[in-house]
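The opening residue of the sequence shown carries number 1 in UniProt numbering; numbering runs sequentially from there.
Ideal placement from N, C-alpha and C gives every residue a C-beta, glycine not left out.
Everything below concerns the one structure shown next.
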Amino acid sequence: AELWKSWGVFPDVVMGHSAGEYAAACVAGVFGLEDGLKFIASRGRLMQTRCERGAMLALSVGEEKALEIIAPFAKEVSIATINSPESVVVSGRPEAIASIEAGLAGQEEIDFKLLPIPLAAHSAMVEPMLPEFEEVAKSITYARPVIPLCSNVTGRIVSDEIATPEYWLRHLRQPVRFAAGAAALHEEGFEAFLEVGPKPALLGMTRQCLPDDVAGVWLPSLRQDQEDWRQLLQSLGEWYTRGGTVDWQAFHEAADDSPPRRKVHLPTYPFQRQR
1 AELWKSWGVF PDVVMGHSAG EYAAACVAGV FGLEDGLKFI ASRGRLMQTR
51 CERGAMLALS VGEEKALEII APFAKEVSIA TINSPESVVV SGRPEAIASI
101 EAGLAGQEEI DFKLLPIPLA AHSAMVEPML PEFEEVAKSI TYARPVIPLC
151 SNVTGRIVSD EIATPEYWLR HLRQPVRFAA GAAALHEEGF EAFLEVGPKP
201 ALLGMTRQCL PDDVAGVWLP SLRQDQEDWR QLLQSLGEWY TRGGTVDWQA
251 FHEAADDSPP RRKVHLPTYP FQRQR
């Protein structure tokens, strides 16, 4: 995020997904980087040490159908994330998740996949860690967002409420309403999306949440099958050709101990005899 900002590409709004909202909150100025690292590290440590082993199952259904599927296991399984209108993840006790898998095995119209995560995030199984996590949340220094942030908890742009310990306790336990957030951003007129992460996972989810006639601008920072620098340049170029602003002087400045970048003199256009 700081690299993009150093090139003059500044976000009008930020949004994360689950743990990614901590990074989004840092970018938005809700808390500093040191507090953000402390926050997310404590979250991971407490989930590992205070929570029982769980399971998470991705389903190709909407929220209403997912609630119907997990109804017989309401005390053991929760909706963890609503990623798009037809993509929901449920989480809970491994035995209950296995029973849901078995029940879906003969239903060809519903795709499902067990995620390689041995924890039940955003479910009742995280409640044993809440008291200690609350102490961590109370030790964080908060500020009102300086960049609008679209919340996983509410599915809309929030303000002061995100700068409280109570919000982050809700964020830990309640489902991630990513689909609602993406739809809210579209309603606000946003159609250019830049993903900051190791691969473009959220861009695909966001596309599924918007109307089919929205072309949009979709910019991944990195791809697993592409050289990092090449992908960054490709997305930066795409942003610029779509009318985005780039600080080219800052872009051409050398970073750290790398040699200075110099513009290359290219051949003139074939029919242009003078420069």
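- Of the residues I162, I117 and A124, the one whose Cα lies closest to the Cα of Y22 is I162.
- Excluding its 5 nearest sequence neighbours in each direction, V153 has C-beta neighbours in its own chain below 6 Å: R170, H171 and Q174, listed in chain order.
- For F10, there is no enclosing alpha helix (DSSP H), as DSSP gives it neither H nor E.
- With a threshold of 16 other beta carbon atoms within 10 Å, R261 falls short and is exposed.
- Burial is judged here by how many other beta carbons sit within 10 angstroms of a residue's own beta carbon; V264 has fewer than 16 and is exposed.
- Its chain contains V27 and V196 as the residues whose beta carbon lies nearer than 6 Å to that of A1, once the 5 sequence neighbours on both sides are disregarded; these appear in chain order.
- Contact between I140 and F39 holds: their C-beta atoms lie close to 6 Å from each other, under 8 Å.
- Leaving aside the five residues that flank V89 on each side, the residues in its chain whose CB is nearer than 6 Å to its CB run, in chain order, M56, A58, A80 and T81.
- Straight-line measurement puts the Cα of V217 at about 14 Å from the Cα of Q208.
- Assignment of beta-bridge partners to A55 by DSSP yields G92.
- In the structure shown, E195 adopts extended strand secondary structure according to DSSP, grouped into three states.
- Pairing G155 with G189 gives a Cβ-Cβ distance that is not under 8 Å.
- The stretch 25-73 contains, as complete alpha helix (DSSP H) runs of 4+ residues, the segments 33-50 and 63-70 (chain order).
- Between I100 and I69, the C-beta gap is smaller than 8 Å, which places the two residues in contact.
- Its chain contains W7 and G8 as the residues whose beta carbon lies nearer than 7 Å to that of D247, once the 5 sequence neighbours on both sides are disregarded; these appear in chain order.
- Across the set A192, L202 and S60, the C-alpha of A192 shows the shortest separation from the C-alpha of E238.
- Within the stretch 188-243, the complete beta strand (DSSP E) runs of at least 3 residues fall at 192-195 and 217-220.
- Per the DSSP secondary-structure output, T81 pairs in a beta bridge with V89 and V176.
- With contact defined as three or more Cβ pairs closer than 8 Å, the stretch 31-38 and the stretch 122-141 are in contact.
- DSSP places V126 within a helical segment (H, G or I) once states are collapsed to three.
- Counting along the chain, F112 sits inside the beta strand (DSSP E) bounded by residues F112 to L114.
- With fewer than 16 other beta carbons inside 10 angstroms of its own, Q48 counts as exposed.
- Comparing alpha carbon positions, the residue from A105, E86 and S78 closest to G92 is S78.
- Where F251 is concerned, the enclosing alpha helix (DSSP H) starts and stops at W248 to H252.
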